[in-house]
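Heads up: the sequence shown at position 112 corresponds to 106 in our numbering, and the numbers run straight through without jumps.
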Amino acid sequence: MPDKILTYISLEDDQRMKIKEIAPAYDIVESISEVKDNAEIKAVLGWNEKEMTELIDDTNNRLQWIQLTSAGVDYVDLNKLEKQGVTLTSASGIHENAIAESIMGMILNYTRKIGYSLIQQRQKNWSPTENLMVTNQKTMLIVGAGSIGKQTGKVAQAFGMKTIGVNRSGEMVDYMNELVTQNQLLDVLPKADFIVNILPLTDETKNLFDLEKFKQMKSSAVFVNVGRGESVVTEDLLLALNKQFIAYAALDVVDEEPLPENHPIFEREDVLLTPHIAGKFEGYNAAVFPIFIENLRQFKEGNTPEINKVDYEAGY
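In structure tokens form, the structure reads like this:
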């Protein structure tokens, strides 16, 4: 039987033709139920928790490569894939504009009181507020100065903000006025008006933002999380808001998704919650496809796909 490429995203006809052009010996399937033997599946595009767990746990699998459609990889058992010698590649690099715009939307919702105005509109109130701010001359701390962080810095600077980036190396990144390492985070937190977390979830970043970090922030600071929910201790964040260590939080990710209906975040006026949509945009799968295709070329030639190859030791 021919080897298979398993896809969990719907492919257009021209995309299927492109795959067959590059890898004519491979059949395309959309579920492991379509194969007689899991060993036929050599590559996967996308992810399905139930089926992929079954496939990876099958000791007879001959899986060689998985192309995810997400930038984050924390939902995947990296240790198991590494032991099996499976190459994992992500969709990192396609989310910059969407997430940067979401970040600014969250911030403007607070500074320009857009959410407040919407509430007043629904209540049929003409109720101007004087508590308005501008972002010009403010400082944004971007924790995770990768490709998304760079685009966020570009947009922030266009709004007249100073940008401070945080990354592992401390090497300078475009659109950052200043850059520090993660070990210097406590030193720069007091400088920021807006703290934006874009970090992936790793052993180093889990529960990174705790009460100690929130206490170092300005009492007027806005904390934005578009990274991973588990990098923030939610109870500490809520305590920081209650104690007025910070002024506001905007969260696209939380440590329990979806949040239960009785979660206190839903009742708070000092928290903006969006349901993990910051990286979504029209034509998302079409944006992933060129990454997959270029990696497929390498895979077909017997080489390891290198675009966005996940470093198992680093965890991203």
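Think of the CB as a built atom: it goes at the ideal place given N, C-alpha and C, for glycine as much as any other residue. What you are looking at is a predicted structure, and each value in this text was computed from that prediction instead of being measured.
Using 8 angstroms for Cβ pairs, my map puts residue i next to residue j. What's the rounded Cβ distance?
| i | j | result |
| --- | --- | --- |
| isoleucine 101 | valine 226 | With 8 angstroms as the limit, isoleucine 101 and valine 226 do not qualify as a contact, their Cβ atoms being about 17 angstroms apart. |
| serine 141 | glutamate 90 | 5 angstroms |
| glutamate 76 | tyrosine 306 | 4 angstroms |
| alanine 243 | valine 265 | 5 angstroms |
| alanine 139 | methionine 170 | 6 angstroms |
| glutamine 9 | phenylalanine 283 | 6 angstroms |
| serine 64 | asparagine 302 | So it is not a contact: roughly 11 angstroms between Cβ atoms. |
| tryptophan 41 | tyrosine 2 | 6 angstroms |
| valine 304 | valine 67 | 5 angstroms |
| leucine 0 | valine 23 | 5 angstroms |
| glutamine 61 | phenylalanine 286 | 5 angstroms |
| isoleucine 13 | leucine 290 | 7 angstroms |
| serine 96 | alanine 272 | 4 angstroms |
| alanine 37 | phenylalanine 293 | 6 angstroms |
Over the uninterrupted beta strand (DSSP E) stretch that includes residue i, give me the two end residues.
| i | result |
| --- | --- |
| threonine 157 | 156 to 161 |
| isoleucine 108 | Note, isoleucine 108: premise wrong, no beta strand (DSSP E); alpha helix (DSSP H) at 108 to 116. |
| glutamate 172 | 172 to 175 |
| lysine 36 | 35 to 39 |
| alanine 92 | Here alanine 92 belongs to no beta strand (DSSP E); instead the alpha helix (DSSP H) covers 90 to 105. |
| lysine -2 | -2 to 1 |
| leucine 135 | 133 to 137 |
| valine 313 | With the chain represented from -5 up to 310, any question about residue 313 goes unanswered, as that position is not in the structure. |
| leucine 82 | 81 to 83 |
Is any beta-carbon of chain C found at less than 7 angstroms from that of residue i?
| i | result |
| --- | --- |
| leucine 267 | The structure shown contains no chain C; it holds only a single protein chain. |
In the DSSP assignment, the alpha helix (DSSP H) including residue i goes from what residue to what residue?
| i | result |
| --- | --- |
| threonine 47 | 43 to 51 |
| glutamine 151 | 141 to 152 |
| aspartate 7 | 7 to 16 |
| leucine 180 | 179 to 182 |
Who does residue i pair with in a DSSP beta bridge?
| i | result |
| --- | --- |
| valine 361 | Beyond the ends of the chain as shown, which are -5 and 310, falls residue 361; an answer cannot be given. |
| lysine 303 | Thr83 |
| glutamine 61 | Leu39 and Thr83 |
| isoleucine 189 | Leu135 and Phe217 |
Buried or exposed: which applies to residue i, given that a residue is buried once 16 or more other Cβ atoms fall within 10 Å of its Cβ?
| i | result |
| --- | --- |
| proline 184 | exposed |
| threonine 157 | buried |
| leucine 126 | exposed |
| aspartate 187 | buried |
| lysine 30 | exposed |
| proline 18 | exposed |
| glutamine 178 | exposed |
| leucine 180 | exposed |
| arginine 116 | exposed |
| methionine 134 | buried |
| alanine 311 | Residue 311 lies beyond the range of the chain shown here (-5 to 310); nothing can be said about it. |
| asparagine 191 | buried |
| tyrosine 310 | buried |
| threonine 53 | exposed |
| glutamine 210 | buried |
| lysine 118 | exposed |
| glutamate 34 | buried |
| asparagine 130 | exposed |
| proline 194 | buried |
| threonine 317 | Because residue 317 is not part of the residues shown, which for the chain are -5 to 310, the question remains open. |
| glutamine 238 | exposed |
| phenylalanine 260 | exposed |
| arginine 222 | buried |
Curious, which full-length beta strand (DSSP E) runs of at least 3 residues does the segment 200 to 283 contain? Runs of the beta strand (DSSP E) inside the segment 200 to 283: 216 to 219, 242 to 245 and 265 to 267.
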